[in-house]
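FYI, in the working numbering the residues of the first sequence are 1 to 1046. We treat Cβ as the ideally placed atom computed from N, Cα and C, and that holds for glycine.
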Amino acid sequence: MSTNNVTSKKCLPMSKKYDRIVLLVDMDCFYCQVEEKLNPSLKGKPMAVVQYNAWKGGGIIAVNYAARAKGVTRHMRGEEAKVQCPEIELISVPSVREKADLTKYRDAGKDVAIVLQRFTTVLQRASVDEAYLDITDVVNKRFAAMNDGTFILKPQELLNTYAVGFPSIGNFVTTVTNDFLYPQPHEKMYKNFSEEDIPTVRRSNIRLLVAASIASEIRSAVFKETGYECSAGISLNKVLAKLACGLNKPNKQTILPLTHVNELFSTLPLSKIQGLGAKFGEDVCQQLGIRYVGQLQTFTEAELQRKFDDKNGTWLYNICRGIDLEIVTPRFYAKSIGCCKKFPGRNCITGVKTLHHWLMELANEISERLKEDIVQNNRCAKHMVFNFVQEISNVDISSSRSAPLKSYEADIIAGTCMELIKANTKVFFRPGSNGAINNPIKFLGISAGKFETLSSKSGTIQTMFAQQTAKLQKLANENISSTINSENVETVNPLMKSKDMDLKVCKKAVTEPNNTVEKLFKNQSERKKQIIDGDRSALTSQVHIEGSDIPYDKKDIDKLPVEYSKEMSECVIDDYKYINPEHKDVCPPNNNDTIKTINNCRTLASSQLAAMSQVHPGIVCDAAYFILCKESNVVKDRMKNEDEKQYSENICDRLKNENSITPQKSITHLFDKQSTLSNSISDIADNLNISAYHDKSKHFENSGLSIIKNIRSNKSDYLGSAKLQFTEISKPVEDNTVAYRWSSVKNEVCKDINKVESVNNTNINNNSSDCKNNINLEQGFSDNTLENMNHTQIITDKEQVNDNCELEQLIQDLKTIQNESKTSSEQPNKKRKLDDISDNFKSKDYRSEYVEFALPTFNTELELYIKCDKCGANIFNNPEAIQTHNDHHFAHEISQQQRHEYREHLRMKISSAKSPTNNIKTKAKKLFKKINVKQSWSTDITKFLKPSTLTVSEQKAINESASSESFVEFCNICKDQIKGEDMTEHRDYHLAKELQKELNKLDVPKVNSVKPKSNTHKNLNSSLTLRKPNVISKPITAFFTQPNDI
DNA sequence: CATAGTGGCGCC
DNA sequence: GGCGCCAA
Ligand SMILES: Cc1cn([C@H]2C[C@H](O)[C@@H](COP(=O)(O)OP(=O)(O)OP(=O)(O)O)O2)c(=O)[nH]c1=O
Ligand SMILES: [Mg+2]
Ligand SMILES: [Mg+2]
């Protein structure tokens, strides 16, 4: 067993600062695209994805570009979006177990990443919708191919490509190729670079151009295979690539050349740099009195280190010069799987049964996802962290406690959490009660991590066909509707009946209600047996795999568990040709066995061999196949020990050759009986912990002219001033100076490959890349068309059903029941609420038997209100309401200073906006005044009264308090009822929102440069929207002696 | 209450 | 291990 605990954030040595090409691919308005794909009628219409929808139409978490054009933004409420854009379609995130469920977006993100991964295994997923790709090797490979004439780059096909600092991509091509052909010693592009760096920097621009053509193909593949559009940033490191990506969206890609970093940085707000978008960035700006990234260059490294610390100082010093040494750490899967839920305000948890209920809901989701993770990723989480926020003495206290994760069963996970919170709370139960919780709970989160790779026995085989399994399961769920009995696979899916045993076993193992992790693991040997012994027709014939030394046997291939898929195979062929352009004739397109084998082995390779990215796929294929066969006992009978040794040594030798290093230990041990496939794979990876950029620079020494030759300009008119018209493509040459690693491996391997080539030589398709480019080109045109279109929207007459009105009317009718303070306002589900109310004394709704739902509130005989002795207001006479009220007093007191500072901060921001942002400044000031006027308070609240939206108790509260103190008032902006003492803060909230809205309108997307006003917007935006979380995090022990208020 | 739910990583 | 920061 090995813990997949890879140290992260490794850095390159400074000497290799300009050696890489890094791509950042980010999906455009991702969740929206996912929804559009599921419901194509939404395409083109303004649309947003919301979470929940009871309160003001739900919170918007993604907005498509049609809706953005109308001013709709993330953070808005559904209702606000409707104001901005009445025809907007609001799609809800599915609610499962009464909480938002993001599964479909995770799945979609994975689909995309699988496509991306085909282009390089040096892929680091950075979020659900984006990934960094280190495509240095791919670029170098293509560079070499251009050098020998086997690839022709056609810049006119980069219509969707932008280059920072250049008016057009054509201009970029012309400039950098000219400069490369006729280097000017004092070209001003290089004025900021040291003499010795200039040749590297000059080459980097050409490499970026090559990278752009690859990026185009990658994005095309993503679109073709997933239907999703994305944008990309193309530069020399992660920070620059990320920055570039955001400059042109959607469906565009942006090159950020080293030579134009300074120009960009001179007006680029510091906050635009990843890592400087929040407090630290603000701190840097404030301490140094600067705004733009470029201004950092005026400080010495020592100065920066002194002000911040050594690490940050050096980082800042480098970043402002466009240098970022952090490597792309290959990682496909999340390191933790978690879920959480807030219980704000009245929704807070005040009874153990409710707590248990929610812990079970969360644990069930975690459990489900962890079990799926076993199948998908062949690993098992060993550790869990439980996060919770409690309100203690009117302060929100956040705590985190961890425990070993010994079972994936929900009740065990929930039980562990329950123990943890009890053990870490001084007074858990309210004195005198064994059901009421002393400190209301406002947040629960469970997360599982510290994954260990499972023993390979069947586990890895699962990994191999995890995709198929998942897809079949999905299909099954869709086709069979809700009558699925997951315990009985035979009833699940007629499609699956014809499928392999292993799928059934898999499904069963995952969904069987009472199986524990331990059991699941025990089942694996059995499952494996079923897979291996599965009855299949056995033909015996030899199959040859390109780049491989192993004589594959068709019989063995047939036993491999991955289903042959025509579509996938075509991808694999493309992929294979792409990775091996010089072997483009190697792969016989009609040889299903070959394709299938590669599929299998590449699946394995892609999921577990990230660190082997430098290795020829043929070799990976052999290694993986060999181990797989060995592991599966497929070849056991036929393969003698000598053969085994020979093969393993062969693979070992070739790995060594590929990497120019000696593995620390022989991989022959991988074939020991005890050795597992997973361990084998990770050991290989460990052994191949090579310097990825080893010897990179020298590869480019002599390859300049010929590569330029192969940047062909077919449409010089498009390129405008393109001066270069090239003639015939040079014939492929045997060029020993060609840099690419795969081409420079030992002759024996090359010979082998050549031999294979000559044997399998069939259809040569020289134009495969051209095809891709053409596709890309067309997209580019259509995008532009789309972009220039007026966003005239069809107004749909779909009625907006107002759940609240209907619901509240019913509540009104049920005058005799006083329940309100317990009925969740953010549990939007109508049915749920109705059940709660109308049936709550007879139904078995979980709440009905809980302590906190049996509080005095339900007893009409008791006094309804008590007087607050601080403000004299009438408060509902239940512990929660009292506590909430007290909380408001407390919050008010402690936040007064904060709010003052906050308002001062706003004023400062607005008044300090200067010259280039004059426009904004004026507007902001105006707005500020406008809002202030609005704040002038109306005492006649009755005109804002909306009885239909009030609950019984709320109505009562109004009636009770209207004559005396204005305990509850109505905000004249949103018409919400707000407690009097909270009104100032509430109005600040509106002020912030209004400002943000106004500023959003002014945020005109820029193409090739970033204007300062964008800065002002962002800074303001973040300052305004990021209100201080009102949660304090302290060791719980700090509150052991705190008195309990209630 | 006034995005919420989620994930990675650094510091101590 | 627990907490805080940062981000999509
Ligand atoms: C920023 C952010 C994103 N998300 C989700 C929804 C987004 O669709 C998804 C990706 O985030 P982003 O990539 O930041 O945004 P986006 O893909 O919606 O739009 P674009 O990249 O074109 O600007 O992650 C959240 O749930 N919460 C957030 O705070
Ligand atoms: Mg995105
Ligand atoms: Mg993103």
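Taking Cβ to Cβ, would you say Gly57 is nearer than 8 Å to Gln51?
no
For Glu263, report the span of its alpha helix (DSSP H) as first-last.
261-265
Expressed to the nearest angstrom, what Euclidean distance is found between the alpha-carbon atoms of Pro344 and Glu452?
36 Å
Look at Lys341 and Leu370 and say whether their C-beta atoms are less than 8 Å apart.
no
Give the DSSP-derived three-state secondary structure of His356 in the structure shown.
helix
Cβ-heavy atom distance between Asp26 and ligand 1 below 7 Å?
yes
Tell whether a beta-carbon distance below 8 Å holds between Val138 and Phe151.
Contact flag unset, no.
Find the nearest neighbour of Glu409 within the set Leu24, Met360, Thr314, Ile319, judged by alpha-carbon distance.
Met360
Among the residues of its own chain, which have a CB less than 6 Å from the CB of Lys382, if the five just before and after it don't count?
Leu405, Lys450, Glu452
Can we count Asp129 as close to ligand 3, meaning its CB is less than 7 Å from some heavy atom?
yes
With H, G and I counted as helix, E and B as strand and the rest as coil, what does DSSP make of Asn192?
The three-state secondary structure of Asn192, taken from DSSP, is coil.
Excluding the 5 residues flanking Pro13 on each side, which residues of the same chain have their C-beta closer than 6 Å to its C-beta?
So no residue of the chain qualifies.
Please report the Cβ distance between Lys82 and Pro46, rounded to the nearest whole angstrom; I am assuming they are in contact, meaning their Cβ atoms lie under 8 Å.
Actually they are not in contact, since the Cβ atoms of Lys82 and Pro46 sit about 11 Å apart, beyond 8 Å.
DSSP three-state assignment for Cys339, whether helix, strand or coil:
strand
In chain order, what are the residue ranges of uninterrupted alpha helix (DSSP H) at least 4 long that sit wholly in the stretch 134-195?
136-147, 169-181
Assigned secondary structure, Asn1071 (DSSP; H/G/I helix, E/B strand, else coil):
This structure cannot settle anything about residue 1071, because the visible part of the chain is limited to 1 through 1046.
Would you check if the distance between the CB atom of Arg125 and the CB atom of Arg331 is smaller than 8 Å?
Note that the C-beta distance between Arg125 and Arg331 is below 8 Å.
Which of the three DSSP states is assigned to Gly294 in this structure?
helix
Could you pull the DSSP bridge partners for Lys99 from this structure?
Val96
Nonlocal neighbours in the same chain, by C-beta distance under 6 Å from Pro199, ignoring five residues either side:
Hits under 6 Å: none found.
Below 8 Å on the Cβ atoms is my contact criterion, and I expect Val34 with Lys104 to pass it. Report the Cβ-Cβ distance as a whole number of Å.
6 Å
State the CB to CB distance for the pair Ile441 and Ile349, rounded to an integer number of angstroms; the pair is presumed to be in contact (CB under 8 Å).
4 Å
Between Glu368 and Glu419, what straight-line distance do the alpha-carbon atoms span, to the nearest angstrom?
22 Å
Is any heavy atom in ligand 1 found nearer than 7 Å to the beta carbon of Ala62?
yes
Under the criterion of a Cβ to heavy atom distance below 7 Å, does Tyr228 qualify as lining ligand 1?
Incorrect: Tyr228 has no Cβ contact closer than 7 Å to ligand 1.
Neighbourhood of Lys307 by C-beta distance below 6 Å, restricted to the same chain and skipping five residues each side:
Cβ within range, chain order: Gln287.
Please say whether Leu208 and Pro257 have beta carbons closer to each other than 8 Å?
yes
Considering Ile273, what are the terminal residues of the beta strand (DSSP E) in which it resides?
It is not in any beta strand (DSSP E) - Ile273 carries neither H nor E in the DSSP assignment.
With three or more beta-carbon pairs closer than 8 Å as the criterion, would you say the stretch 13-26 touches the stretch 309-329?
Cβ pair count under 8 Å is three or more, so yes.
Ala144 to Leu236 span [Cα, whole Å]
19 Å
Rounded distance between the beta-carbons of Val93 and Leu102, thought under 8 Å
7 Å
Of the choices Tyr31, Ser400, Pro183, whose alpha-carbon is the least far from that of Val63?
Tyr31
Would the C-beta of Tyr162 count as close to ligand 1, meaning under 7 Å from any of its heavy atoms?
no
Mind checking Pro431: buried by the 16 CB within 10 Å criterion, or exposed?
exposed
Give the range of the alpha helix (DSSP H) segment to which Val83 is assigned.
78-84
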